[in-house]
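Contents: one structure, followed by commentary.
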Ligand SMILES: [Zn+2]
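This is the structure we're talking about:
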């Protein structure tokens, strides 16, 4: 299993300066290579869908510039020696780190053009400013370079870090990256841990070993034993503090210097909140993974949940499409980090040997978990009241029970269960 350990670096002033210099140079190179790809794309793409056998009437700037091949990883990597000749200061950067920058451009651009392995496409890659380019990676570092709480990196020398936790023995060091955060520099050690095998867990979900989990907005989750998890007090306290700081920043009477200090405090606080939330997610994930041998969750596509509603038109007139109300909801989906929680949960479950079954989320909030009758609810209805069988409980608890039922029902055939299968 691949794991990442993050440690805070104790850098000397000189090392900090050198890292900043590298980041600046790499950022310039990243932006240049990205622009190079955009340029080629702009000159050669064709927006027209042409019927077979016809000529494509494309307009492009080919005539005004020389013909050349599509810049790819190979041609862009091959341009690096020339770069070092023209700009000798690039020689100070370790060559593999510079090559990794080319790889980053490739990945960003390919996700934009053709999507990742699952076919999910990203938006147009951005040119990065100083705040957005804050990490670089050594693609391979030998194990022997990691001694105690120091790591030796080519061309940067020996870096000290605060060893806040031990790395499990028998590891194999894979990649090392250095990142600037609001409160300093960190080293990320990506490690192959052989003690957790990467096998698929195929425990069959039964009534006794399965826990259904309904993730949600105000509560992180409600499970089929009616346990629930609310955000901790300290997390809420930080969030309140953030609102106050942001209000302070909007106050136009403050000086530029005061505003800069407030902005710094805000970014530190954002970091703190992210950490508190992550800690909470890990704790809850461990609790759940220990509880049952099978965890049933909804197969949520967070990206779809966050998508904007389509415009609605009746008789040529645009009418309300409900975007205003769902905008608030979209924001909460992002804020609560449900996607992150589900990811952490699947990682932790793998460690505990717990299986995660993903069920089709369709209709799980609108049906009764006992008799499967449809009980329509709007988002604001928090209580489930079934007229047919008399079940009366919290709506999220009802969903969790139904999710469990779906997972247990799926044990015969291995395909994803859906409510329709149970109903028929
Ligand atoms: Zn019912």
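In the numbering used here, the protein residues as written are 928 to 1351. Heads up, the beta-carbon is just placed ideally off N, CA and C, and yes, glycines get one too.
What first and last residue would you give for the beta strand (DSSP E) that runs through residue i?
| i | result |
| --- | --- |
| residue 937 | 929 to 937 |
| residue 1241 | 1239 to 1241 |
| residue 1315 | It is not in any beta strand (DSSP E) - residue 1315 carries neither H nor E in the DSSP assignment. |
| residue 1119 | 1111 to 1120 |
| residue 1246 | 1244 to 1246 |
| residue 1139 | 1137 to 1142 |
| residue 1100 | 1098 to 1108 |
| residue 1284 | 1282 to 1286 |
How far does the alpha helix (DSSP H) with residue i in it extend, from its first residue to its last?
| i | result |
| --- | --- |
| residue 961 | 940 to 971 |
| residue 1304 | From DSSP, residue 1304 is part of no alpha helix (DSSP H); its letter is neither H nor E. |
| residue 1272 | 1265 to 1279 |
| residue 891 | Since the first residue shown for the chain is 928 and the last is 1351, residue 891 is missing from the structure and cannot be characterised. |
Taking the straight line between their C-alpha atoms, what separation do you get for residue i and residue j?
| i | j | result |
| --- | --- | --- |
| residue 990 | residue 970 | Its pLDDT being 48, under 50, residue 990 is placed unreliably by the model, and nothing is read from it. |
| residue 1159 | residue 1167 | 13 Å |
| residue 1153 | residue 1182 | 52 Å |
| residue 945 | residue 1102 | 20 Å |
| residue 1295 | residue 1270 | 28 Å |
| residue 1115 | residue 1090 | 12 Å |
| residue 1316 | residue 1211 | 33 Å |
| residue 1038 | residue 1227 | 21 Å |
| residue 1191 | residue 1064 | 26 Å |
| residue 1325 | residue 1134 | 16 Å |
| residue 1048 | residue 1040 | 7 Å |
| residue 1279 | residue 1214 | 11 Å |
| residue 951 | residue 1029 | 15 Å |
| residue 1244 | residue 1306 | 27 Å |
| residue 957 | residue 1061 | 12 Å |
| residue 1195 | residue 1311 | 42 Å |
| residue 1329 | residue 1273 | 20 Å |
| residue 1148 | residue 1073 | 40 Å |
| residue 1327 | residue 1297 | 12 Å |
| residue 1303 | residue 1209 | 34 Å |
| residue 1155 | residue 1095 | 32 Å |
| residue 1021 | residue 1005 | 16 Å |
| residue 1145 | residue 1098 | 39 Å |
| residue 964 | residue 1055 | 15 Å |
| residue 1025 | residue 955 | 11 Å |
| residue 1119 | residue 1176 | 44 Å |
| residue 1241 | residue 1247 | 10 Å |
| residue 1276 | residue 1042 | 28 Å |
| residue 937 | residue 1086 | 7 Å |
| residue 1082 | residue 940 | 16 Å |
| residue 1092 | residue 1084 | 23 Å |
| residue 1186 | residue 1018 | 39 Å |
| residue 1112 | residue 1076 | 15 Å |
| residue 1188 | residue 947 | 21 Å |
| residue 1014 | residue 1027 | 18 Å |
| residue 1109 | residue 1059 | 12 Å |
| residue 1105 | residue 1165 | 27 Å |
Pick out whichever of the options has its Cα sitting closest to the Cα of residue i.
| i | options | result |
| --- | --- | --- |
| residue 998 | 1013, 942, 961 | 961 |
| residue 1356 | 1076, 1137, 1131 | The question about residue 1356 has no answer, for the chain in this structure spans 928 to 1351. |
| residue 1129 | 1197, 1170, 1220, 1198 | 1220 |
| residue 1169 | 1144, 1185, 1201, 1140 | 1201 |
| residue 1107 | 1284, 934, 1292, 1310 | 934 |
| residue 1003 | 1031, 1014, 1021 | 1031 |
| residue 1127 | 1336, 1331, 928, 1335 | 928 |
| residue 1150 | 1218, 1119, 1055 | 1218 |
| residue 1206 | 1173, 1099, 1268 | 1268 |
| residue 967 | 995, 953, 1119 | 995 |
| residue 1088 | 1282, 1323, 1239, 942 | 942 |
| residue 1034 | 1193, 1052, 947, 1080 | 1052 |
| residue 1225 | 1067, 1008, 1001, 1286 | 1286 |
| residue 1284 | 1308, 1141, 1157 | 1141 |
| residue 1265 | 1111, 930, 1143 | 1143 |
| residue 1023 | 1014, 1068, 1013 | 1068 |
| residue 1332 | 1178, 1299, 1319 | 1299 |
| residue 1204 | 1162, 1117, 1239, 1036 | 1162 |
| residue 1172 | 1193, 1131, 1157, 1010 | 1193 |
Would residue i pass as an interface residue toward chain B - the criterion being a Cβ-Cβ separation below 9 Å?
| i | result |
| --- | --- |
| residue 1103 | As a matter of chain content, chain B is missing from the structure shown, which is built from one protein chain. |
Ligand 1 site residues, beta-carbon cut 6 Å against heavy atoms:
Going along the chain, the residues that qualify are 1295, 1297, 1298, 1300, 1313, 1315, 1316, 1318.
Continuous beta strand (DSSP E) assignments of at least 3 residues falling wholly in the region 1036 to 1096:
1062 to 1065, 1077 to 1080, 1084 to 1089
Minimum length 4: unbroken alpha helix (DSSP H) runs contained in the region 1006 to 1036
1007 to 1013
In chain order, which beta strand (DSSP E) runs of at least 3 residues are fully inside the region 1146 to 1225?
1148 to 1150, 1221 to 1225
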